[in-house]
Amino acid sequence: MLVYFFKEDLRFVFYFAAIPGIVGVLLLILFVREKAKIPFLRQSPGAPIGVRRSKKTVSSFFQDFSLIWRNKKLSTFFIASIIFSLGNSSDAFLILRAKNLGLTTVFTVLTYIVYNLTQTVLSTPMGKLSDKIGAKRVFEGGLLVFALVYFLFGFIKNPIFIWLLFPLYGIYIAATDGVSKAYLSEFITEKESGSYFGLYQSATAVSAFFASFMAGILWYKINPATTFYYGSIMAIFAFLILKFGKMFFVIPLSRRLPFGKEGDP
0 MLVYFFKEDL RFVFYFAAIP GIVGVLLLIL FVREKAKIPF LRQSPGAPIG
50 VRRSKKTVSS FFQDFSLIWR NKKLSTFFIA SIIFSLGNSS DAFLILRAKN
100 LGLTTVFTVL TYIVYNLTQT VLSTPMGKLS DKIGAKRVFE GGLLVFALVY
150 FLFGFIKNPI FIWLLFPLYG IYIAATDGVS KAYLSEFITE KESGSYFGLY
200 QSATAVSAFF ASFMAGILWY KINPATTFYY GSIMAIFAFL ILKFGKMFFV
250 IPLSRRLPFG KEGDP
């Protein structure tokens, strides 16, 4: 509606879209307060009561990161996720590609809405499917869907196919977004979840930044299609590593791991 009302002037559309986020931040700052932490008793006998403090130092950060590589399946998943993220550029390139193929701004926005609806509708079924056949298999399927969608985004010449590709892209998101975290949780305990989820998000976010940087170079220096062929190749590479990488990434275990079960789902 905003696109139509402002006659496809996306600058004003983005200004209006930012308003809910700004309001949310203001509400968070003004009205949300964190509860005071309850003091804990020290474990040593006769020690005074005090608040248990746990500082996250640089050395402990690298210790957490090094522990990932002591678990063969977890390290394989991390490597595959990083490689995939190196090809998973911003969704803005999908919108630019739709425009590049001749789709109007209004129809481009509508196809993106269809993508979001597809993701929303299928997220719960994909979660249930991961419980049934394993999160790893669902995540692998999502990588293959991504590879197909990105290849076709580079291959097609007729914008009519955009109406098919955006829903397929929604299937990929539904099969990987929450499922990847579910698969990661199989290797860690609840106490460790904050550290390892943080490491995972940081590693993939940095990789995705470089993916968008590379996508921009390919788009302007070669041609738009190359951007998506690159993403497709990286997704296939990540799939192969996740599927067969544990046969090659053999990392000796020097001591018992703090992670959860070692077996595949």
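Numbering (numbering that gives the first Met the number 0), first residue to last: 0 to 264.
Glycine residues also receive a C-beta, built at the ideal position from the N, C-alpha and C atoms.
Delimiting residues of the alpha helix (DSSP H) encompassing residue i
i: Ser-192; result: 192-220
i: Ile-112; result: 104-132
i: Phe-76; result: 71-84
i: Phe-92; result: 91-99
Cα-Cα separation, residue i to residue j
i: Ala-79; j: Val-144; result: 16 Å
i: Glu-189; j: Tyr-195; result: 10 Å
i: Val-108; j: Leu-93; result: 11 Å
i: Ile-161; j: Val-120; result: 19 Å
i: Thr-271; j: Thr-123; result: Any question about residue 271 goes unanswered here, given that the chain covers just 0 to 264.
i: Asn-272; j: Lys-180; result: Given that the chain is displayed from residue 0 to residue 264, the structure contains no residue 272 and the question cannot be resolved.
i: Thr-56; j: Gln-200; result: Here the model assigns Thr-56 a pLDDT of 48, short of 50, so the residue's position is not dependable, and the following value carries that caveat. Between Thr-56 and Gln-200, the C-alpha separation is close to 19 Å.
i: Leu-163; j: Phe-152; result: 10 Å
i: Thr-203; j: Thr-104; result: 30 Å
i: Phe-150; j: Phe-212; result: 19 Å
i: Leu-167; j: Trp-218; result: 22 Å
i: Gly-140; j: Met-125; result: 11 Å
i: Ala-210; j: Ser-129; result: 27 Å
i: Asn-99; j: Ile-81; result: 29 Å
DSSP state of residue i mapped onto helix, strand, coil
i: Gly-141; result: helix
i: Ile-155; result: coil
i: Ile-232; result: helix
i: Pro-44; result: Here Pro-44 scores only 48 on pLDDT, less than 50, and its place in the model is too uncertain to base an answer on.
i: Asp-176; result: helix
i: Ala-224; result: helix
i: Phe-186; result: coil
Identity of the residue in the options nearest residue i by Cα
i: Lys-72; options: Leu-102, Asn-87, Ser-184 and Leu-147; result: Ser-184
i: Phe-208; options: Leu-116, Phe-77, Thr-75 and Asn-87; result: Asn-87
i: Ile-132; options: Leu-198, Leu-147, Tyr-219 and Tyr-182; result: Tyr-182
i: Ile-232; options: Phe-83, Leu-93 and Ala-134; result: Phe-83
i: Phe-106; options: Ala-204, Pro-158 and Thr-203; result: Pro-158
i: Phe-238; options: Met-125, Val-137, Gln-118 and Thr-117; result: Val-137
i: Ser-74; options: Ile-187, Ile-216, Thr-225 and Ala-210; result: Ile-187
i: Ala-91; options: Lys-242, Phe-165, Ser-192 and Gly-244; result: Phe-165
i: Asp-176; options: Lys-98, Leu-217, Asn-115 and Gly-230; result: Asn-115
i: Val-178; options: Ala-146, Leu-142 and Ser-206; result: Leu-142
i: Ala-97; options: Lys-156, Asp-130 and Lys-135; result: Lys-156
i: Gly-215; options: Ile-81, Phe-76 and Ser-89; result: Ser-89
Classification of residue i by the beta-carbon crowding that lies within 10 angstroms, buried from 16 upward
i: Phe-154; result: exposed
i: Gly-169; result: buried
i: Leu-148; result: One detail in the question is off: residue 148 reads as Val in this sequence, not Leu. Buried, because 16 or more other Cβ atoms sit within 10 Å of the Cβ of Val-148.
i: Phe-127; result: For the record, residue 127 in the displayed sequence is Lys; it is not Phe. By the 10 Å Cβ count, Lys-127 comes out exposed.
i: Phe-227; result: buried
i: Gln-118; result: buried
i: Ile-235; result: buried
i: Ile-172; result: buried
i: Thr-197; result: Per the sequence presented here, residue 197 reads as Gly, with Thr not at that position. Classification of Gly-197: exposed, given that the 10 Å Cβ count is below 16.
i: Leu-85; result: buried
i: Phe-243; result: exposed
i: Ser-192; result: exposed
i: Lys-135; result: buried
i: Ile-240; result: buried
i: Gly-101; result: exposed
i: Tyr-229; result: buried
The ligand NAD heavy atom lying under 7 Å from the CB of residue i
i: Trp-162; result: Among the ligands in the structure shown, none appear at all, so the ligand NAD cannot be discussed.
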